[in-house]
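Notes for the one structure printed next.
There are 2 protein chains.
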Amino acid sequence: MLTPFDDTYFMKKALQEAETAFNRGEIPVGCIIVSQNTIIAKGHNLTEMLQDVTAHAEMQTITAAANYLGGKYLKDCTMYVTLEPCQMCAGALYWSQISKVVVAAEDTERGYRAQGGKIHPKTKISFGLLAEESSRLLQSFFKSKRR
Amino acid sequence: MLTPFDDTYFMKKALQEAETAFNRGEIPVGCIIVSQNTIIAKGHNLTEMLQDVTAHAEMQTITAAANYLGGKYLKDCTMYVTLEPCQMCAGALYWSQISKVVVAAEDTERGYRAQGGKIHPKTKISFGLLAEESSRLLQSFFKSKRR
């Protein structure tokens, strides 16, 4: 039996953030951070609106979660993110020592594994949850941009 | 003959930022970004004060420079930074497509080369300018913390 607050539930929340990014003309990536079954931070890519390459969904959400918790380490938190983090975001996750990262779609070009970065050895990471939903959103974004 | 605005001049400005970090109890890393011989952004590590792992000198300075220029790419800019960027900061530099990065001290443990990250293929990077001054500051910081 599924609990109402399982990984799928939280990834759907991250996908809602990605949809918000899509509707704002941003590459649709969304992210939430959960602590003790509660969403403590959420965000979506804002690189175009802010004209800032550091404004990835994950970066904003890490900052917001640390602010909420009053400490910079996210040791008992889980991040749900709709696209595999890039090396910048993997580096931020590394420093945060976050417990767990759940990724929807893999990014075989710009993801941290392709770029050679790494997350903290204590962090558990999984890939593929609702990956199709995330990929579909990304594909329709890039299709609309090519038009 | 040295011009007043050579790499050494700008690295000294980055070292002044690192000293400010030191005096605030932060790991002493400083950074400036230069465009057309003008300092357009400067910053130092603020991870303790902000309790935010993303508040590295480079990250803040990239955001500030993009804000100054009104665009997210730093294609005609040079960063002077007192310690080799970590993978997070290298990732941000990658996305910014900055022209040139001048690094003082190398970081053989947490630097992006040790962690497996990379910067943009178009970015020129050099290491070692005023490295001793930077290392001395870092060493005296960590010595004071161990006391």
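In order, the protein sequences belong to chains A and B. For the first sequence, the working numbering gives the first residue as 46, with consecutive numbering after it. For the second sequence, the working numbering gives the first residue as 46, with consecutive numbering after it. Glycine residues also receive a C-beta, built at the ideal position from the N, C-alpha and C atoms. None of these values were measured; they are calculated from a predicted model.
Can you tell me which of the three DSSP states residue i falls into?
i	result
T153/A	coil
K190/A	helix
S180/A	helix
S171/B	strand
Find the residues of chain A that neighbour residue i, judging by a C-beta separation of less than 9 Å, and give them in chain order.
i	result
S141/B	V98, T99
G162/B	Q132, M133, A135, G136, Y157, Q160, G161, G162, K163
C111/B	Residue 111/B is actually Ala in this sequence, not Cys. Within chain A, the residues near A111/B are L95, Q96, D97, V98, T99.
Would the beta-carbon of residue i fall within 8 Å of that of residue j?
i	j	result
C76/A	T123/A	no
V148/A	L138/A	no
T127/A	V79/A	no
K163/B	A135/B	yes
H89/A	E129/A	no
F172/B	I72/B	no
S180/B	A150/B	yes
L175/B	E64/B	no
A100/B	T92/B	yes
A66/B	Y125/B	no
E113/B	I85/B	For the sequence presented, residue 113/B should be read as Tyr rather than Glu. Against a cut-off of 8 Å, the Cβ pair of I85/B and Y113/B comes out as a contact.
A111/B	D97/A	yes
G161/B	G161/A	yes
W140/B	M133/A	yes
M94/B	R69/B	yes
Which residue marks the beginning of the beta strand (DSSP E) containing residue i, and which one marks its end?
i	result
I164/B	No beta strand (DSSP E) contains I164/B, which DSSP labels as neither H nor E.
List, in order along the chain, the chain B residues whose C-beta lies closer than 9 Å to that of residue i?
i	result
I107/A	D97, V98, T99
T92/A	K117, W140
Which chain B residues are close to residue i, counting only those with a beta carbon under 7 Å from its beta carbon?
i	result
C131/A	G136
M104/A	T99
Tell me whether residue i counts as near the ligand FMN, meaning its Cβ is closer than 7 Å to at least one heavy atom of that ligand.
i	result
Q184/B	Ligands displayed in this structure: none; no statement on the ligand FMN is therefore possible.
Write down every uninterrupted run of the alpha helix (DSSP H) in the region 55 to 133 of chain A whose length is 4 residues or greater and which is fully enclosed by it, in chain order.
92 to 95, 102 to 114
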